[in-house]
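**Q** Below you will find the structure I want to go over with you.
Protein chains: 2
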Amino acid sequence: MFEQLFKSIQEKVTLNEDDKEVYKSFFIPKKLRKKQTLLQEGDVCIYNAFVENGILRSFFTDEKGNEHVVQFAIEGWWITDLSSFLTKSNSIYTIEALEDCELLLLTMEAREALMDKIPMFERYQRLLLQNAYIANQARINSTLTETAEEKYIKLGLAYPGIIKRVPQHMIASYLGLKPETVSRVRKQINTRI
Amino acid sequence: MFEQLFKSIQEKVTLNEDDKEVYKSFFIPKKLRKKQTLLQEGDVCIYNAFVENGILRSFFTDEKGNEHVVQFAIEGWWITDLSSFLTKSNSIYTIEALEDCELLLLTMEAREALMDKIPMFERYQRLLLQNAYIANQARINSTLTETAEEKYIKLGLAYPGIIKRVPQHMIASYLGLKPETVSRVRKQINTRI
DNA sequence: AAATTCTATTGATTTAAGTCAACAGAAAAT
DNA sequence: ATTTTCTGTTGACTTAAATCAATAGAATTT
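Quick mapping for you: the protein sequence lines, in order, are chains D and P.
Quick note, in our numbering, the first sequence goes up one by one and the last residue is 219.
Quick note, in our numbering, the second sequence goes up one by one and the last residue is 219.
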């Protein structure tokens with residue numbers, strides 16, 4: 027159950043056997059069936075979730091009633107509404123399992139206690155946040171400069187696993203495109219090969 | 027010279043008089059004239075800059091030769107290319123003064139030493155990063171859901187100081203719009219009043 | 001003071017992506 | 001097994017914003 031988590035931590039900071047037991051005592055294992063939610067729009071996001079297995083998305087609904095996918099998270103990734111989690115404000119996002127999932131959950135209290143006990147965990151968290159910030163910056167640049175086709179191709183290159191496992195209309199939503207547009211982009215790409 | 031910095035720190039964490047002297051010894055004061063750059067595309071970004079006075083922008087140039095404004099920074103804000111700064115990679119961004127500026131610069135070594143000496147500075151930095159991450163998330167959502175007019179109006183509401191001090195075509199660039207579009211949006215808004 | 005560059009506006013036209021609608025195979029639910 | 005829902009495709013048409021081009025006042029530079 028903790029393989030992916032320890033792998034992720036070891037990629038960024040040192041991790042010894044004693045630490046592992048501490049980690050095990052702070053995370054809450056949780057299974058989620060496909061279509062079940064970890065967070066509902068309007069609720070406070072009380073968990074920072076690590077994905078051991080499966081895939082989830084976070085999304086919000088705009089005033090016109092359209093859903094917008096904000097993030098996908100597969101094995102080895104974290105997912106939460108950071109704003110709601112940190113400030114205990116009501117979330118505008120829903121986090122939903124797209125497949126059956128195995129998660130490891132961390133409450134704010136557990137997170138802080140863990141940072142106290144294992145300083146390297148604080149560094150790990152900071153590195154994650156830095157990477158997430160840089161990735162978001164790249165995503166903004168992408169939406170501002172690329173055509174529909176470029177966006178789709180780059181996503182496929184960066185995260186082939188996600189494009190294969192997620193319905194196409196959710197990929198479209200993540201890219202800020204309509205399903206019809208993604209369908210046409212794919213057709214276009216295929217006829218060029 | 028340090029008023030804005032101390033004000034910013036005090037808004038987030040505790041700050042005593044001894045700390046102030048430590049801070050003063052680590053930051054490098056730097057004046058920049060309008061149009062001078064703190065970072066040139068292709069160079070490694072070796073400074074994390076705090077703006078005491080003035081206004082700057084960071085931007086990049088895409089393959090088609092179009093400039094895209096990534097960030098503005100006014101008094102009390104930080105600006106850097108975080109990716110280049112952290113990984114010592116060559117930056118794709120240029121950081122340029124839009125007015126004469128007074129900056130306080132922090133090298134990576136000074137930043138780490140400061141975090142060592144003043145643990146509260148690490149917390150302050152983490153809080154800044156969290157806020158920046160949340161703001162970027164909101165910006166992504168905005169570009170995916172809002173019309174040109176909504177983007178312009180919201181920017182004006184959120185940062186009236188920036189819209190007043192920066193040429194309109196840079197506002198357009200920041201919003202992912204063309205100058206002509208912003209001009210038309212403004213006309214539209216005015217005729218409705 | 002004159003020349004040059006920068007900035008913003010407006011009009012005419014184009015275009016990338018959106019919208020609306022119909023269809024059909026795949027997957028899930030009963 | 002057979003409805004029902006989900007998912008992806010395609011065609012016809014619309015639209016928001018981009019593009020191209022001309023203009024002119026403001027700000028800088030010389």
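By construction, the Cβ of each residue, glycine as well, lies at the ideal position given by its N, Cα and C atoms.
Quick caveat, the model's predicted, so the values are computed rather than measured.
(1) Quick one, which of P/Tyr200, P/Gln194, P/Gly202 has its alpha-carbon nearest P/Ala212's?
(2) From the DSSP output, which residues share a beta bridge with P/Lys213?
(3) Have a look at D/Arg83 and D/Asn162 and give me their C-alpha separation to the nearest angstrom.
(4) Could you tell me whether the Cβ atoms of P/Asn74 and P/Phe111 are closer together than 8 Å?
(5) Answer with buried or exposed for D/Ile215, where buried requires no fewer than 16 other C-beta atoms within 10 angstroms of its C-beta.
(6) Using a Cβ cut-off of 8 Å, pull out every chain D residue sitting near P/Gln163, in sequence order please.
(7) Does DSSP put D/Pro19 in a helix, in a strand, or in coil?
(8) Tell me which same chain residues have a C-beta within less than 8 Å of the C-beta of D/Asp88, skipping the five on either side of it?
(9) Find out if the Cβ-Cβ distance for the pair D/Val86, D/Val96 is shorter than 8 Å.
(10) Considering only their Cβ atoms, is the gap separating P/Leu201 from P/Ile121 smaller than 8 Å?
(11) Which residues in chain D have a C-beta closer than 7 Å to the C-beta of P/Ala158? List them in chain order.
(12) Going by DSSP, what residue range makes up the alpha helix (DSSP H) through P/Asn74?
(13) By how many angstroms is the C-alpha of D/Asp45 removed from the C-alpha of P/Lys56?
(14) Which residue marks the beginning of the beta strand (DSSP E) containing D/Phe98, and which one marks its end?
(15) Taking CB distances under 8 Å as the criterion, tell me whether D/Arg152 reaches chain P.
(16) DSSP on P/Glu125, reduced to helix/strand/coil?
(17) If contacts are defined as beta-carbon pairs under 8 Å, then D/Phe52 and D/Leu140 qualify, I think. What distance do you get, rounded to the angstrom?
(18) Smallest Cα separation from P/Trp103: which of P/Met134, P/Ile54, P/Leu31?
(19) Kindly list, in the order they appear in chain P, the residues whose Cβ is closer than 9 Å to that of D/Thr169.
(20) Report buried or exposed for D/Ile54, applying the criterion of at least 16 other Cβ atoms within 10 angstroms of its Cβ.
(21) So, with DSSP's three-state summary, where would you put P/Asn42?
(22) Please tell me whether D/Asp88 has its Cβ less than 8 Å away from any Cβ of chain P.
(23) Comparing the C-beta of D/Leu64 with each C-beta of chain P, is any distance below 8 Å?
(24) Give the interface partners of P/Met112 over in chain D, defined as CB-CB distance under 7 Å, in chain order.
(25) Just the C-alpha distance for P/Gly182 and D/Asn167, rounded to the nearest angstrom, thanks.
(26) Within 10 Å of its beta-carbon, does D/Gly187 have 16 or more other beta-carbons around it, so buried, or fewer, so exposed?
(27) Helix or strand or just coil, what does DSSP make of P/Ser84?
**A** With the given structure in hand:
(1) Before going further, note that residue 212 of chain P is Arg rather than Ala in the sequence given. With distances taken between Cα atoms, P/Arg212 lies closest to P/Gln194.
(2) Per DSSP, none; premise fails for P/Lys213.
(3) Distance between the alpha carbons of D/Arg83 and D/Asn162: 16 Å.
(4) Yes, the pair counts as a contact, with Cβ atoms nearer than the cut-off.
(5) When all chains shown are included, D/Ile215 counts as exposed.
(6) Those are Val96, Leu108, Ser109, Asn162, listed as they occur along chain D.
(7) Residue 19 of chain D lies beyond the stretch modelled for chain D, which goes from 27 to 219, so this question has no answer here.
(8) Contacts found: His94.
(9) Position check: residue 86 of chain D holds Phe in this sequence, whereas Val was assumed. Contact flag set, yes.
(10) The criterion of a C-beta distance shorter than 8 Å is not satisfied by P/Ile121 and P/Leu201.
(11) In chain order: Tyr159.
(12) Premise fails: P/Asn74 lies in the beta strand (DSSP E), 74 to 79, not in any alpha helix (DSSP H).
(13) So the two alpha carbons sit approximately 44 Å from each other.
(14) 93 to 100 is the extent of the beta strand (DSSP E) around D/Phe98.
(15) True, the Cβ-Cβ gap to chain P drops below 8 Å.
(16) The three-state secondary structure of P/Glu125, taken from DSSP, is coil.
(17) Cβ atoms of D/Phe52 and D/Leu140 come within 8 Å of each other, at about 5 Å.
(18) Taking P/Trp103 as reference, the option from P/Met134, P/Ile54, P/Leu31 with the minimal CA-CA separation is P/Leu31.
(19) Simply Ile166, Thr169, Leu170, Gly202.
(20) Exposed is the call here.
(21) DSSP places P/Asn42 in coil when its eight states are reduced to three.
(22) Cβ-Cβ to chain P under 8 Å: yes for D/Asp88.
(23) Closer than 8 Å: no.
(24) The amino acid occupying residue 112 of chain P in the given sequence is Leu; Met does not appear at that position. For P/Leu112, the residues of chain D that pass the 7 Å Cβ criterion are Gln156, in the order they occur in the chain.
(25) In a straight line, the C-alpha of P/Gly182 is about 21 Å away from that of D/Asn167.
(26) So D/Gly187 ends up on the exposed side.
(27) DSSP, reduced to helix, strand and coil, places P/Ser84 within a strand of the structure shown.
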